[in-house]
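Number of protein chains: 2
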Amino acid sequence: MQVTVPERFAHLVEHFPKLPILVQPSGRPWDDRMAKTTFFVPDYMSGRAGVANLAKMPALEVVQILSAGVDNVRDAIPNGVTLCNAKGVHDAATAEMAVTLTLASLRGLGRFRDLQREARWDNQSFSSLADRNVLVIGYGSIGAAIEQRLNGFEAQITRVARVGRVTPVVYGFDELDELIPKADIIILIVPLTQQTKGMVNEHFLERMHDGALLVNVARGAVVDTQALIRTLATGRIAAALDVTDPEPLPSTSPLWQMENCLITPHVGGDTDAFHRRAEQLLTRNIDRYTKGLPLLNVINGEY
Amino acid sequence: MQVTVPERFAHLVEHFPKLPILVQPSGRPWDDRMAKTTFFVPDYMSGRAGVANLAKMPALEVVQILSAGVDNVRDAIPNGVTLCNAKGVHDAATAEMAVTLTLASLRGLGRFRDLQREARWDNQSFSSLADRNVLVIGYGSIGAAIEQRLNGFEAQITRVARVGRVTPVVYGFDELDELIPKADIIILIVPLTQQTKGMVNEHFLERMHDGALLVNVARGAVVDTQALIRTLATGRIAAALDVTDPEPLPSTSPLWQMENCLITPHVGGDTDAFHRRAEQLLTRNIDRYTKGLPLLNVINGEY
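So the sequence lines, in the order shown, correspond to chains A and B. Numbered according to our numbering, the first sequence spans residues 35 to 337. Numbered according to our numbering, the second sequence spans residues 35 to 337.
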């Protein structure tokens, strides 16, 4: 039994004095001591590189990643190895970013920041979140956390998930065609799967009404980037994106220069709120692992 | 009886078919028909100019302003004329702006907007609102609306008002010295009065802890601008300001260029949410006026 964790969680060692824990300094790609790893925690946001050496860990039993989405690591997990995600850890920070982008976009913060750079006091009237219809697409734990934050803003919230249900009312993907035209704001927080890849295509965007706002805090590839660029170029809708396809967004992408597009570089989950919550999850799951108990957040099939 | 309203509320005429309502086009300073006004509604954000001609209205009985703060019009109201403010009308939009500025400042939206202008994808970790202590100074209707919006964000909220009370727990101004050092975020939404003018002075700012954030959606003069500039120059705290002293903020003000200062040009209350709510207030108060009922939002003494 050997647990290998990234440097930022070095003090987990103190929680488990009897457990062999290898702390891997960030930026070091391979260390022969890692070969004995049975429970592996790739660094946060390390993507494909973080799981590049799993084949060199013959005793590997568990990979515990620190992101909620598993799309970019899933096919790198060897057969028989359990994959756990960080469901819940990023709820607070990512949901907060969804609301931040929504508010900043609606209330013209991008425009006002540009004016600030020119030292210009030029008040312009923008739209409120109050009285708006918000469609939250992806009603998992982050979707629920987004709803919790939106609750105080006098907006109407409609929930959508892969499969609809009645309590609380969640609509299914198959009802999107009717829901999209009614939404003033659409927030995307679905996992990236075969079903959701390119979900926001030309047809989806055409159904959004004039002046509507698309907020993506899911994965860039949930949106067809070329279709989004074409639609934004008409000025008909606006977008606020914490994720893009590809990432990093190339400096040549027209999205950067569009007045109706606000971009943050995939920082939704990366705040000080992450560290405390990630440490709680790691402590709980390593503890369960050492005791042979069922692990939390095991990824099985669709998620 | 003659009601004079700004052009943007022209369709109030339809609500009161039997009432003489004069619609005043914006930008026209004086129209002799205004002399008969008994119930006057200066245009929103018209400030001193909006109440410059009250002495030419000998029959004037009521001035209904469309802002919550009365500081800049109060001494222009003739003796015997009733002043009503727009308490409640701006709660949604202004509270929303308080949260928008808080989130945008914490989550680095200003920095990311600057990076967007350079087409640079450069992820940096910022602070979450989650887990923070927020001090809301000014617990009137907008203060309560701010709290309502903050409720979903996993932050701790402490309320302060002129006079403390127990249910719900609201601390008094006299307890600020002890509360300020504990706050990660301080949101100002007090009215501008003799007591609150310059309330945020050198002493107040010194008590804020390193890395704390000051958000002002009240009035610029609640903060001692020079003291704020000196404090921000140290980089010790950050600020997000929708109001400044003076307004407009001169292009020579160092605040514009400070990395730890986010500025919007007094647009907190000015959204489409305002129009619907202002129309409701005007309809109710004009109706009460025509029926001789007590008016809503009459300003008497401290407010």
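Where a beta carbon is used, it is the ideal one built from N, C-alpha and C, also for glycine.
Which residues in the same chain have their Cβ closer than 6 Å to the Cβ of residue i, if we skip the five residues on either side of it in sequence?
i        : result
Met292/B : Leu266
Ala189/A : Leu163, Arg166 and Val168
Ala127/B : Gly303, Thr305, Ala307 and Phe308
Ala179/B : Asp125 and Ala129
Whose C-beta lies closer than 7 Å to the C-beta of residue i among residues of the same chain, with five residues either side of it excluded?
i        : result
Thr116/B : Glu95, Val96, Leu329 and Val332
Ile55/B  : Val37, Val39, Leu46 and Val47
Phe160/A : Leu140, Arg141 and Gly142
Asn235/B : Asp258 and Ala261
Pro59/A  : Glu41
Please report the straight-line C-alpha distance between residue i and residue j, rounded to a whole angstrom.
i        : j        : result
Ile223/B : Lys121/B : 13 Å
Thr259/A : Thr278/A : 8 Å
Ser287/A : Val57/B  : 49 Å
Glu181/B : Ala129/B : 8 Å
Gly61/A  : Phe238/B : 43 Å
Phe50/A  : Ser139/B : 38 Å
Pro280/A : Pro225/A : 16 Å
Asn106/A : Ile99/A  : 11 Å
Gly326/A : Ala274/A : 44 Å
Asp208/A : Gly172/A : 13 Å
Val203/B : Asp244/B : 27 Å
Leu184/A : Met68/A  : 44 Å
Tyr323/A : Val200/B : 48 Å
Ala102/A : Gly177/B : 35 Å
Ala307/B : Arg196/B : 28 Å
Ile220/A : Leu247/A : 6 Å
Pro174/B : Lys231/A : Looking at the sequence shown, residue 174/B is not Pro but Gly. Roughly 47 Å separates the two Cα atoms.
Pro63/B  : Leu315/B : 24 Å
Leu283/B : Lys216/A : 40 Å
Asn319/A : Glu313/A : 10 Å
Thr134/B : Phe74/B  : 33 Å
Cys118/A : Arg264/B : 49 Å
Phe146/B : Glu240/B : 29 Å
Within 10 Å of its beta-carbon, does residue i have 16 or more other beta-carbons around it, so buried, or fewer, so exposed?
i        : result
Gln228/A : exposed
His124/B : buried
Arg193/A : buried
Val104/A : buried
Met91/B  : buried
Gln158/A : exposed
Val85/B  : buried
Asp218/A : buried
Leu77/A  : The residue asked about is misnamed: residue 77/A is Asp in this sequence, not Leu. That one is buried.
Ser285/B : exposed
Gly269/A : exposed
Gly114/B : exposed
Gly335/B : exposed
Gln150/B : buried
Ala44/A  : exposed
Arg311/A : buried
What does a CB cutoff of less than 8 Å around residue i pick up in its chain, not counting 5 residues either side in sequence?
i        : result
Met131/A : Val251, Asp276, Thr298, Val301, Gly302 and Gly303
Pro112/B : Leu88, Ala89 and Leu94
Thr338/B : Residue 338/B cannot be examined here, being either before or after the span of chain B that is shown, 35 to 337.
Cys295/B : Leu266, Ala272, Ala273, Ala274, Leu275 and Leu289
Leu213/A : Leu169, Thr192, Val194 and Tyr205
Arg82/B  : Asn106, Val107 and Ala110
So which residues on chain B does residue i lean against when the C-beta distance must stay under 7 Å?
i        : result
Ala102/A : Near Ala102/A there are no residues of chain B at all, since even the closest Cβ is about 16 Å away, more than 7 Å.
Pro282/A : Trp155
Gln182/A : Gly186
What does residue i reach in chain A if we use C-beta pairs closer than 7 Å?
i        : result
His300/B : Asn157
Ala307/B : Ser162, Ala164 and Asp165
Glu188/B : Ala126
Trp64/B  : What Trp64/B touches in chain A: nothing, since even the nearest Cβ is about 24 Å away.
Asp304/B : Asn157 and Ser159
Can you pull the chain B neighbours of residue i, defined as C-beta to C-beta under 8 Å?
i        : result
Ala138/A : Thr134, Leu137, Ala138 and Leu143
Arg147/A : Leu143, Gly144, Arg147, Asp148 and Leu296
Met233/A : Here the premise fails: no neighbours, minimum Cβ distance about 23 Å.
Asn106/A : Ordered by position in chain B, no residue passes the 8 Å Cβ test against Asn106/A, which lies about 16 Å from the chain.
Glu130/A : Leu137, Arg141, Ser162, Leu163, Ala164 and Phe187
Give the interface partners of residue i over in chain B, defined as CB-CB distance under 9 Å, in chain order.
i        : result
Ser285/A : Glu152, Ala153, Arg154 and Trp155
Cβ closer than 9 Å: which chain A residues qualify as neighbours of residue i?
i        : result
Arg264/B : Those do not exist, as Arg264/B stays about 19 Å from chain A at its closest Cβ, beyond 9 Å.
Taking residue i as the query, report the chain A residues whose CB atoms sit under 8 Å from its CB, ordered along the chain.
i        : result
Arg310/B : Asp165
Note to self: Ignoring anything shorter than 3 residues, give me the beta strand (DSSP E) runs that lie fully in the stretch 94–175 of chain A, in order along the chain.
What the structure shows: Segments of the beta strand (DSSP E) lying fully in the stretch 94–175 of chain A: 96–98, 116–118 and 167–171.
Next item on the list: For the stretch 247–277 of chain A, list the beta strand (DSSP E) runs that are entirely contained and at least 3 residues long, ordered along the chain.
Entry: 247–250 and 272–275
Check: Of all the alpha helix (DSSP H) runs that stay within the bounds of the stretch 41–99 of chain B, which reach a length of 4 or more residues?
Finding: 46–49 and 81–84
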